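Protein chains: 4
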Amino acid sequence: MQLAMIGLGRMGANMVRRLLKAGHECVVFDLDPANVSALVDVGAVGATSMEDAVAKVGKTGAVWLMLPAAVVGPTVEKLADMMQAGGIIIDGGNSFYHDDIDRGEALAARGINYLDVGTSGGVWGLDRGYCLMIGGPVEAVKRLDAVFAALAPGLDRGAVPPVDAQSTAYLGYLHCGPTGAGHYTKMVHNGIEYGVMAAYAEGINILKAANEGKGTREVDAETTPLRHPKYYQFDIDLSEVAEVWRHGSVIGSWLLDLTAQALKADEGLTGFGGRVSDSGEGRWTLQAAIETGVPAPVLSSALFGRFSSRGESEFADRLLSAMRLAFGGHLEKPESDE
Amino acid sequence: MQLAMIGLGRMGANMVRRLLKAGHECVVFDLDPANVSALVDVGAVGATSMEDAVAKVGKTGAVWLMLPAAVVGPTVEKLADMMQAGGIIIDGGNSFYHDDIDRGEALAARGINYLDVGTSGGVWGLDRGYCLMIGGPVEAVKRLDAVFAALAPGLDRGAVPPVDAQSTAYLGYLHCGPTGAGHYTKMVHNGIEYGVMAAYAEGINILKAANEGKGTREVDAETTPLRHPKYYQFDIDLSEVAEVWRHGSVIGSWLLDLTAQALKADEGLTGFGGRVSDSGEGRWTLQAAIETGVPAPVLSSALFGRFSSRGESEFADRLLSAMRLAFGGHLEKPESDE
Amino acid sequence: MQLAMIGLGRMGANMVRRLLKAGHECVVFDLDPANVSALVDVGAVGATSMEDAVAKVGKTGAVWLMLPAAVVGPTVEKLADMMQAGGIIIDGGNSFYHDDIDRGEALAARGINYLDVGTSGGVWGLDRGYCLMIGGPVEAVKRLDAVFAALAPGLDRGAVPPVDAQSTAYLGYLHCGPTGAGHYTKMVHNGIEYGVMAAYAEGINILKAANEGKGTREVDAETTPLRHPKYYQFDIDLSEVAEVWRHGSVIGSWLLDLTAQALKADEGLTGFGGRVSDSGEGRWTLQAAIETGVPAPVLSSALFGRFSSRGESEFADRLLSAMRLAFGGHLEKPESDE
Amino acid sequence: MQLAMIGLGRMGANMVRRLLKAGHECVVFDLDPANVSALVDVGAVGATSMEDAVAKVGKTGAVWLMLPAAVVGPTVEKLADMMQAGGIIIDGGNSFYHDDIDRGEALAARGINYLDVGTSGGVWGLDRGYCLMIGGPVEAVKRLDAVFAALAPGLDRGAVPPVDAQSTAYLGYLHCGPTGAGHYTKMVHNGIEYGVMAAYAEGINILKAANEGKGTREVDAETTPLRHPKYYQFDIDLSEVAEVWRHGSVIGSWLLDLTAQALKADEGLTGFGGRVSDSGEGRWTLQAAIETGVPAPVLSSALFGRFSSRGESEFADRLLSAMRLAFGGHLEKPESDE
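Protein sequences appear in the order of chains E, W, B and H.
If you count by our numbering, then the first sequence holds residues 4 to 341, one letter each, in order.
If you count by our numbering, then the second sequence holds residues 4 to 341, one letter each, in order.
If you count by our numbering, then the third sequence holds residues 4 to 341, one letter each, in order.
If you count by our numbering, then the fourth sequence holds residues 4 to 341, one letter each, in order.
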């Protein structure tokens, strides 16, 4: 079937390629004409503006947005003015689900269908397929079934038996509920992702410290000496350990696969500074947990670790040093001393 | 080659079966004769005592222990008295690596080789193979290479390319370093496991709360009303979501596979009370982190969550209620009010 | 000066008593006439309705609300209809500061002043005075200076020298900024309070466990034995320790005073079940931290501990047990076994 | 009575001064003769060596050590060789309580009494008195009662009524139990201290972020925009808020007093870099919690925050960035972009 894709960045462009491969027809638009022509070269129908894209896909057609969260709102409003009752607007980015609910209500009043589709798969989705978490009215979801099926991985990755033939979950896409349910599910997915990532990162950092007993520490009142240096004499090959864990262990996962790969490429990870971004879903997951009274100590620790990695604890840390000086006369140790 | 296995519980018995299938000869002993005869039925050589097992495998042979951590120490001492220089004792259980280092030193003085082998794979290892993390002297590790290769998954699960032909990691077993390095690596593995498990569990608990806005809450000074109930109206099918995440998403993993399976079998998880055990490695991981000054907020949150699940926060919680009464006159709300 | 107080619960009634003692005139109203007459007996002017209260204090007078957060909004709207430009409405409860900002804007358009006053002091405020964190337009704050001064502790508790004579902070009240700044500051105050309380509660729980080595534990694969029971043989007198810490130690505080008192009254805290309420500010503090990207691992741990104390981790914990069964065949241990 | 003090650093010297003021006779020794003569000037009896100190205080006298934890062990051993049965050695520093138990056992076999005395009060103890947590045999504790009473604050700070005349806790010193109980109690005290400090520091950091909405953020896929900048427009005066909280609020404490003082001196805390030391007790508190199965999420978050402040999360953070690049093509943002 036919679909218009607006926003041809990393994700949007690959999704179009996957749809084209599956035989779907895609109208494509992006503010950068180079992104459009790159896809026209592989069979997409280029558009010169949003208006043009709507003209080509039809006022009751389906328009899929892959845009930064901050510009989705105005874009949806503009699109809605160009389309007619019966049309479908899909937000496949990482919008906050509250916005979905508000937008869905506003569009429903005009007869336009709004779907929120959480999309996971990253740069690997082109080949592996995307995991799609879908929210919105059931009829519109059904109308796009072939599109979802083409974007999703499909049958080639093992489902939990017994496979429920009534369900699409084992194919990699799922209608999670009414408007907002797709992004809510994707939000929690990313919250979990932060936690899983941090679990590996912390553990591997502890492995790295297994040779701590080989170092030397000064003896002074400010430094805790390692009590038993003999127990910290291991030089663990982090890359090899990450690889072995991929084979038969309980903690095998795709994130571990990528971790092993990254460590194999550069065990010192020298190409990274350690300023870890977070792009919204982790924060919203915690806010949902807090609003509904659900404990989430692991997910919050993972999120706060990212904040700290960007220096956001610094003032608090300086205050701790100020208190230590005030009550105990403890001077901060300079970096070179430790 | 030949090996004696002492301890034929869940793990030990399956490991013997896997070794027998691969053509190895196994002498087997357990305090429960039924466990011995079950394996004799499938081709193992039964022993009637530890002495008998050593007699059958030879005083310079290899004896593998799969025993609860608490009884490993005395067993190793007894075994060492029965064996001769050149023999190998393998502890495949979950011993604390400090004990390995101490035992290894004591045995080395007598010429007996001691290997610590962290073994992951659980009840699935029989079919999938076990992930083995090995510590100890290199010659003894090499001598048992065929045994490790048989227990490990082998080539059938994809390695991170490019495969390093010099390494066994991509086959599922790895010599991690000198005595203790195997259990140190396994310890951290389990610490990570706790963190990964908790990330899924917290996230799915937040998904479950997505219908919180459908409930009704009293208006009083002790209860925080949900500000926007309209944003918490989703009845998410947890089992379906766990399944869809397995296909193409960033958080796919073996633990997620099992989670999907468990939720499919009983979405309410009614067969469980929520008292979560922890069996040592998670604790030791944290202690290693603390001794070496490595932050591990996610792994510690996961561990403390298990403690709390068994009621270990209760006194602290009562103290909080006592403080609230003291400063604000706040009476505890009875369970039925919430 | 004259003030009307609406809401004569625990806090409101005591604040009126403190104002009356300082020579202020108070009009009082509450839905429960008994609360009104109790204050009339000590010199307040009773009102039979909100309208009556406004009539008595004047349409350009000052009306102070001490109400549950959930009913503040409608009450402010009703009041605003009864009052005139120049009047002052003060919300002294624990409203969410977003609501203050919204209400302040709406009222400002009608010329009515809105002040948000975070009020700390609990049941002790009558005698000790209340700590007041004030947000709103500066003229209205100045007009009520004598009221704030009477409610606050005043000079009898030592200020940090050198005292800034231009500041009221050392008297116990502070104009923190424009509308919302009072409740924002109070919100963070309570977030800190949760953290401080939890620090004491956790520590005292660890003291309590100092005799853990006297117990007996089974030896099985699911239980981690205490490695060195000889180091856990102390029966610490928790009440005595809390008392001694109050004298000269770094952790002396008012919350510790109350803790010592509670433990002295009943060291077993048998009157409490350990279901710890949270009343909004702790949640909002975390949400502000998350929105602004500020790490708050201690404050969030304290908040989540309260959620868990009310059973909100249970489903997550059952899921952990389900995973453990799935990968390792671990059966949950019944409560009596531990 | 007479006492020898070994170790005349920050703490030891002030304790001697307080004892001298109370009329006790003190023999003093330090490796730095200048420290000795400074105290001789105010009435102490100087010693030229440990042997000399023992000679002057007597072989059955009392020798109090205020030394870095790492040198306490060898010093105790040397001292024990110089002293006789009936003598008392007091470790007033921050030793690990396991060492106390081991030392106490060894010394008891020779008839020498060993007391472990956790000492809180910092640089303020000279004037305010020290809070003393004492472990060891009851007779030796009683023999030093006058010394403890002189060091402790005494009656001038209010006890929790009703005062138990049988207890010394309300005077600021307490016999907590047998050898090790003093340092165990002090250890937990410091663990709590870390948690309380972090609660204030996090909260004040959140206050500081209250003007976040005034900034400008780029719109891109990596940055979460602040949803409602209008709610983050406050410029809170941190120093004034810390001061006002000291008067009548629930979170008043000595640490808050010091915080207010530090912020008043320099609200930007420009003299500190934010590398926060930890000196053992916080770590040991967590290890005790973990060994005994007691949840301590707040105390551990505080400890890990200190580790992170010294850069110990960096490798883990780089690994997170590496994973993000691997699955999503996310490049780390340079510092200047944020």
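Backbone N, C-alpha and C define an ideal beta-carbon position, used for all residues, glycine too.
Because the structure is a prediction, the values reported are computed rather than measured.
**Study point:** Endpoints, the beta strand (DSSP E) within which G194 (chain B) is located
**Key:** Where G194 (chain B) is concerned, there is no enclosing beta strand (DSSP E), although the alpha helix (DSSP H) it sits in stretches over A184 to K211.
Check your understanding: Which same chain residues, not among the five before or five after A299 (chain W), have their C-beta less than 7 Å away from its C-beta?
Key -> L289 and A292
Review point. Comparing the C-beta of G183 (chain W) with each C-beta of chain B, is any distance below 8 Å?
Key: no
Review point. G296 (chain W) versus chain H: which residues are under 7 Å apart at the beta carbon?
Key: F310 and E315
Review point. Just curious, the alpha helix (DSSP H) that H101 (chain E) is in, first and last residue?
Key: Y100 to A111
Point to revise | T288 (chain E): first and last residue of the uninterrupted alpha helix (DSSP H) it sits in | key: E284 to T295
**Study point:** Under 8 Å between C-beta atoms of G95 (chain W) and V66 (chain W)
**Key:** no
**Study point:** Best match in W:P228, W:I254, W:G276 and W:R249 for proximity to A73 (chain B) [C-alpha to C-alpha]
**Key:** W:P228
**Study point:** Residue of E:C134, E:N38, E:A58 and E:D260 minimising C-alpha distance to M200 (chain E)
**Key:** E:D260
**Study point:** A88 (chain E) - containing beta strand (DSSP E), residue span
**Key:** Element bounds for A88 (chain E): n/a, residue is neither H nor E.
Check your understanding: What are the boundary residues of the alpha helix (DSSP H) that includes S304 (chain W)?
Key -> P300 to S312
Check your understanding: DSSP three-state call for A56 (chain B): helix, strand or coil?
Key -> helix
Check your understanding: Is the stretch 324-334 of chain B in contact with the stretch 307-315 of chain E, if contact means three or more CB pairs nearer than 8 Å?
Key -> no
Review point. Going along the chain, which residues of its own chain have a beta-carbon closer than 6 Å to the beta-carbon of S339 (chain W), five neighbours each way excluded?
Key: For S339 (chain W), the pLDDT reaches just 47, beneath the cut-off of 50, and the residue's location in the model is therefore unreliable, although a value from the coordinates is still provided. Once the five neighbours on either side are set aside, S339 (chain W) has no close Cβ partner at all.
**Study point:** Three-state secondary structure (DSSP) of G332 (chain E)
**Key:** coil
**Study point:** Reference L70 (chain W), options W:G251, W:I9, W:V301 and W:T122, closest by Cα
**Key:** W:I9
**Study point:** Pick from B:V191, B:L174 and B:E54 that is closest to V301 (chain B), judged by C-alpha positions
**Key:** B:V191
Practice item. Note down, in chain order, all residues in the stretch 245-256 of chain W with a beta-carbon under 9 Å from any beta-carbon belonging to chain E. Key: A245, E246, V247, W248, R249, H250, G251, S252, V253, I254, G255 and S256
Check your understanding: List, in order along the chain, the chain W residues whose C-beta lies closer than 9 Å to that of P77 (chain H)?
Key -> Simply none; closest approach about 22 Å.
Check your understanding: Residues of chain W with a CB under 7 Å from the CB of L258 (chain H): which are they?
Key -> Correct list: empty, because the minimum Cβ distance to chain W is about 17 Å.
Point to revise | Min CB distance A72 (chain B) to chain H below 8 Å | key: no
Practice item. Determine whether the Cβ of F307 (chain W) lies closer than 8 Å to any Cβ atom of chain H. Key: yes
Check your understanding: Would you report the Cα separation of W127 (chain H) and I239 (chain H), rounded to the nearest angstrom?
Key -> 30 Å
Exercise for review: Give a yes or no on whether 8 Å exceeds the smallest Cβ distance from P228 (chain H) to chain W.
Suggested key: no
Review point. From D281 (chain H) to R230 (chain E), what does the alpha carbon distance come to, in whole angstroms?
Key: 15 Å
Check your understanding: When you compare each of E:L42, E:A143 and E:I93 to N17 (chain E) by their alpha carbons, which one comes out closest?
Key -> E:L42
Check your understanding: How about F32 (chain E) and A58 (chain E): do their beta carbons lie closer than 8 Å?
Key -> no
Point to revise | Cβ-based neighbour list, A7 (chain W), same chain, cut-off 6 Å, excluding 5 preceding and 5 following | key: V30, A56, V60 and V66
Practice item. Please list, in chain order, all residues of the same chain as K211 (chain W) whose beta carbon is under 8 Å from its beta carbon, the five residues on each side excluded. Key: I239 and L241
Review point. If you pair each beta-carbon of the stretch 180-191 of chain E with each one of the stretch 101-108 of chain E, do three or more pairs fall below 8 Å?
Key: yes
**Study point:** CB of E243 (chain H) within 8 Å of CB of S170 (chain B), strictly
**Key:** yes
Point to revise | Backbone secondary structure at D340 (chain E) - three-state DSSP | key: Residue placement at D340 (chain E) is flagged as unreliable, the pLDDT there being 40, under the threshold of 50; the coordinate-derived value follows with that caveat. In the structure shown, D340 (chain E) sits in a helix (DSSP, three-state: H, G or I).
Review point. Is there at least one Cβ from chain B nearer than 8 Å to R20 (chain W)'s Cβ?
Key: no
Exercise for review: On a CA-only basis, which of B:T295, B:R278, B:R321 and B:L334 is nearest F307 (chain B)? Give me that one, please.
Suggested key: B:R278
Review point. When you compare only the Cα positions, how much space is there between A265 (chain H) and G139 (chain B)?
Key: 28 Å
Check your understanding: Under a CB-based cut-off of 8 Å, is A168 (chain W) close to chain E?
Key -> no
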